[in-house]
Amino acid sequence: MRYGGDNRGRLLIIVLLVTSLFLITLDLRGVQVIDGLRTGTQTALTPVQKVGSWAVSPFRNFISDVTHLGRTRNQMDKLKAENDKLRLTLQSRETADAQLKQLKGVLNLAGTAGYKVVNAKVISQGSSTSFTQTITIDAGTSSGVHTNMTVLSGFGLVGVVKYAYTNSALVQLASDPAFKIGARIAGTQQIGILSGQGTRKGVLQLLDNTTQVRKGDALLARGSQNGRPFVPGVPIGEVTSVDNSPGAVTQTADVKFYTNFSTLGVVAVVVSGSSADPRDALVPPKPRPTPLPTVTIYATPGAVEPSPTPTPKPTK
Amino acid sequence: MSLRRFFYSFPIFFSVFLLQEAVVTQMRLPAGGINLLLVVALIWAALSTPEIGALTGFGAGLMMDVSQTSPGPMGHWTLVLIIACYAVAFLGYGDDNIRGNPINIVFLVTIGVVAAQSVFLLLGMMLGQEIGSISNVAFILAGSAFWTAIISPLILKVVSYFHIIIFGVRSHL
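Sequence order for the protein chains is A and B.
Numbering of the first sequence is given in UniProt numbering, commencing with residue 1 and proceeding in unit increments.
Numbering of the second sequence is given in UniProt numbering, commencing with residue 1 and proceeding in unit increments.
Below, the structure is given as structure tokens:
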């Protein structure tokens with residue numbers, strides 16, 4: 001028999017719905033108690049997440065390998081051969097080495113620009129079932145990390161600190177649909193607004209419709225006042241295609257982020273920007289093709305060709 | 001309806017919440033991964049009366065709202081889960097064709113997860129949130145349906161077992 005409900009049941013549903021709407025209203029009006037709930041929960045969860053990160057890392061690496069199997073088969077074949085040599089000596093240090101490599105990249109980038117950074121490990125990646133792109137790092141206000149600080153990887157921009165807790169912080173990735181950043185094109189200095197799209201691809205909207213954008217152009221952060229939320233000069237990505245529709249109000253371009261957000265292990269939070277704008281100094285060099293060795297032969301006119309030496313006949 | 005019995009389910013949902021936050025989010029599953037708390041709440045609702053379903057949605061929604069990865073305001077997931085869990089419980093209640101067959105419950109929960117996320121998305125848009133490209137949204141919804149269909153049959157027996165312990169034998173599969 002189909003359920004019809006009674007008055008008490010209906011009243012309960014109404015009370016629950018009204019309570020949830022009440023909570024939404026309170027939060028949207030910025031009531032501190034609601035923010036405190038989330039902060040308290042995250043503070044309590046941070047140690048559990050650290051333990052979880054440590055325990056799940058072998059399984060996570062396995063999943064990552066399976067995911068990239070089809071796309072990077074050639075690369076994996078090469079790495080497999082290399083891994084065979086290294087496995088015996090580096091078996092227990094694979095994770096540490098990967099993080100060290102990312103850390104070196106971050107420090108190189110920050111050092112070139114003169115940023116003062118705090119390094120942090122990624123301890124959790126937010127579920128995208130809520131249609132957001134976030135990560136949690138193991139550095140918080142106790143390490144000098146605060147909201148609206150730029151987060152970098154060795155390749156460039158990762159995102160911005162959205163919430164900072166005592167020992168952890170939530171970072172909104174540049175791929176998040178709600179993420180927006182003022183960007184300029186290296187060299188030409190044209191400016192626009194880059195928006196995340198939920199993937200590694202972003203969309204650049206230029207402010208001036210008469211300017212020209214080319215495929216391969218590098219994008220850098222324009223920077224904000226006092227370096228927050230964005231310090232200037234951070235590499236963001238490169239233009240992969242340009243929409244030059246004549247009827248469009250603004251010119252748009254697709255941008256591929258330099259940072260691969262699914263493989264983040266170590267990041268750096270810029271706690272203080274450089275005294276001078278690094279301008280285009282951080283643009284990553286374009287990959288140059290390896291030169292093939294060539295041999296040029298010059299034919300000199302009048303040169304005598306070597307003739308075979310006659311073999312003397314043996315005398316009887 | 002026994003509210004006292006309902007409160008016994010809190011440790012179960014809190015454990016699932018911890019599992020979700022500390023372990024599942026670390027795995028970086030492809031196609032957007034899975035929200036274990038959402039799946040467990042909907043299975044629990046499918047085995048319960050509509051009132052218990054709504055209360056379950058309220059409790060699970062609050063937990064999802066206090067999660068740091070929740071993008072919306074506090075109460076966003078709560079509102080969505082009250083509606084979703086009540087609807088799932090309402091559809092299953094009194095119909096042994098649905099409740100007595102695990103395949104139907106898995107189907108109901110999978111549809112429920114996609115519907116809940118869609119409502120969450122629509123509500124988020126009304127509240128001014130950015131949702132990204134349509135293709136990305138479709139990809140995440142399809143991924144959620146895929147993972148729910150994989151995970152639900154694996155945990156259905158466990159969830160049903162705890163439900164029997166708390167609410168008696170009516171939900172026995």
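For each residue, glycine too, the CB sits at the ideal point set by N, CA and C.
For the stretch 30-41 of chain A, which residues have a beta carbon sitting closer than 7 Å to at least one beta carbon of chain B?
Per Cβ criterion, the list reads I34, L37, R38 and T41.
Are the C-beta of H163 of chain B and some C-beta of chain A separated by less than 9 Å?
Cβ-Cβ to chain A under 9 Å: no for H163 of chain B.
Taking C-beta pairs closer than 7 Å, name the residues in chain A that N136 of chain B reaches, listed in chain order.
Residues of chain A whose Cβ lies closer than 7 Å to the Cβ of N136 of chain B are, in chain order, Q197, G198 and T199.
Exposed unless 16 or more other CB atoms sit within 10 angstroms - verdict on K162 of chain A:
Counting Cβ neighbours within 10 Å, K162 of chain A comes out buried, since at least 16 surround it.
Between S15 of chain B and chain A, is the shortest Cβ-Cβ distance under 9 Å, so that the two count as touching?
For S15 of chain B, not one C-beta of chain A is nearer than 9 Å to its own C-beta.
Quick one: which unbroken beta strand (DSSP E) runs of 3-plus residues sit fully inside the stretch 71-126 of chain A? Chain order, please.
Qualifying beta strand (DSSP E) stretches, in chain order: 116-125.
Residues of chain B with CB closer than 7 Å to the CB of A178 of chain A, please, in chain order.
By Cβ distance, chain B contributes Q129 and E130.
Less than 9 Å between CB atoms is the rule here; does I83 of chain B satisfy it with respect to chain A?
Chain A has a Cβ within less than 9 Å of the Cβ of I83 of chain B.
So S141 of chain A and Y165 of chain A are in contact, right, with Cβ under 8 Å, and what is the actual spacing, rounded?
Per the sequence shown, the amino acid found at residue 141 of chain A is Thr instead of Ser. Right, their Cβ atoms sit about 7 Å apart.
Which stretch, first to last residue, makes up the beta strand (DSSP E) that contains L11 of chain A?
First-last for L11 of chain A: N7 to L28, but that is the alpha helix (DSSP H), not the beta strand (DSSP E).
Would A221 of chain A and G196 of chain A qualify as a contact pair, given that the criterion is a beta-carbon distance under 9 Å?
Their beta carbons are not under 9 Å apart, which means A221 of chain A does not touch G196 of chain A by this criterion.
Taking the alpha-carbon of V117 of chain A as reference, which of A:T300, A:L282 and A:S274 has the nearest alpha-carbon?
For the residues A:T300, A:L282 and A:S274, the minimum Cα distance to V117 of chain A belongs to A:S274.
I'd like to know whether the C-beta of T136 of chain A is nearer than 9 Å to at least one C-beta of chain B.
At least one beta carbon of chain B lies nearer than 9 Å to the beta carbon of T136 of chain A.
Spatially closest choice to K101 of chain A from A:V267, A:V271 and A:V239, by CA coordinates
For K101 of chain A, the nearest C-alpha among the options comes from A:V267.
Just the Cα atoms here: how many angstroms apart are M1 of chain A and T78 of chain B?
With a pLDDT of 45 at M1 of chain A, under the threshold of 50, the predicted position of this residue should be treated as unreliable, though the coordinate-derived value follows. Per the coordinates, the alpha-carbon of M1 of chain A lies some 29 Å from the alpha-carbon of T78 of chain B.
Could you tell me which chain B residues have their CB closer than 7 Å to the CB of I13 of chain A, listed as they occur along the chain?
By Cβ distance, chain B contributes A54 and Y86.
Excluding the 5 residues preceding and the 5 following D27 of chain A in the sequence, name in chain order all residues of the same chain whose CB lies nearer than 7 Å to its CB.
Answer for D27 of chain A: I34, listed in chain order.
Is DSSP giving F257 of chain A helix, strand or coil here?
Collapsing the DSSP output to three states places F257 of chain A in a strand.
Taking all protein chains shown into account, do 16 or more other C-beta atoms lie within 10 angstroms of the C-beta of Q26 of chain B, making it buried, or fewer, making it exposed?
By the 10 Å Cβ count, Q26 of chain B comes out buried.
Is there at least one Cβ from chain A nearer than 9 Å to G61 of chain B's Cβ?
So yes, G61 of chain B belongs to the interface.
If we ignore side chains and look at the alpha-carbon of each, how far apart do P47 of chain A and L292 of chain A end up?
When rounded, the distance between both Cα atoms is 54 Å.
L17 of chain A and I83 of chain B closer than 9 Å at C-beta
For the 9 Å CB-CB criterion, L17 of chain A and I83 of chain B form a contact.
State yes or no: is the beta carbon of H172 of chain B nearer than 9 Å to at least one beta carbon in chain A?
Note that H172 of chain B has pLDDT 48, beneath the 50 cutoff, so the model's placement of it is unreliable and the number below is only indicative. Chain A contact via Cβ: absent.
Would you list, in chain order, the members of the stretch 106-127 of chain B that have their beta-carbon closer than 8 Å to a beta-carbon of chain A?
Only Q117, F120, L121, G124 and L127 from the stretch 106-127 of chain B bring a Cβ to less than 8 Å from some Cβ of chain A.
CB contact below 9 Å: A55 of chain A versus chain B:
Taking Cβ atoms only, chain B reaches closer than 9 Å to A55 of chain A, which makes this a yes.
Do we get a CB-CB distance below 9 Å when we pair P50 of chain B with the residues of chain A?
Taking 9 Å as the CB threshold, P50 of chain B lines the interface with chain A.
Contact with chain A by S133 of chain B, beta-carbon distance below 9 Å
Yes, S133 of chain B counts as interfacial toward chain A.
According to the neighbour-count rule (16 or more other Cβ atoms, all chains shown, within 10 Å of its Cβ), is D208 of chain A buried or exposed?
Per the 10 Å Cβ criterion, exposed.
Run down chain A in chain order and give the residues with a C-beta less than 9 Å from the C-beta of L47 of chain B.
Within 9 Å Cβ-Cβ: nothing; L47 of chain B doesn't reach chain A, min ~14 Å.
Leaving out five residues on either side along the sequence, give the residues of the same chain with a beta carbon under 7 Å from the beta carbon of L108 of chain B.
Take L108 of chain B, set aside five residues on each side of it, and the residues of its chain with a beta-carbon closer than 7 Å to its own are A46, V88, L91, G92 and I98, in chain order.
Counted within 10 angstroms of its Cβ, other Cβ atoms place R10 of chain A as buried (16 or more) or exposed
Answer is exposed; the Cβ neighbour count stays below 16.
Measuring alpha carbon to alpha carbon, tell me which of B:L18, B:S70 and B:G53 ends up nearest F167 of chain B.
The residue with the shortest Cα to Cα distance from F167 of chain B is B:G53.
Please identify, using Cβ separations under 7 Å, the residues of the stretch 155-183 of chain A that lie next to chain B, in order along the chain.
Cβ contacts with chain B come from Y163, L170, P177 and A178.
Neighbouring residues, chain B, relative to S241 of chain A (Cβ below 9 Å):
Scanning chain B for C-beta atoms nearer than 9 Å to the C-beta of S241 of chain A yields nothing, as the closest lies near 15 Å away.
Which first and last residues belong to the beta strand (DSSP E) in which T134 of chain A is found?
Its beta strand (DSSP E) spans residues T134 to I137.
Return the bridge partner residues of S272 of chain A from the DSSP annotation.
By DSSP's assignment, S272 of chain A forms a beta bridge with A:K116.
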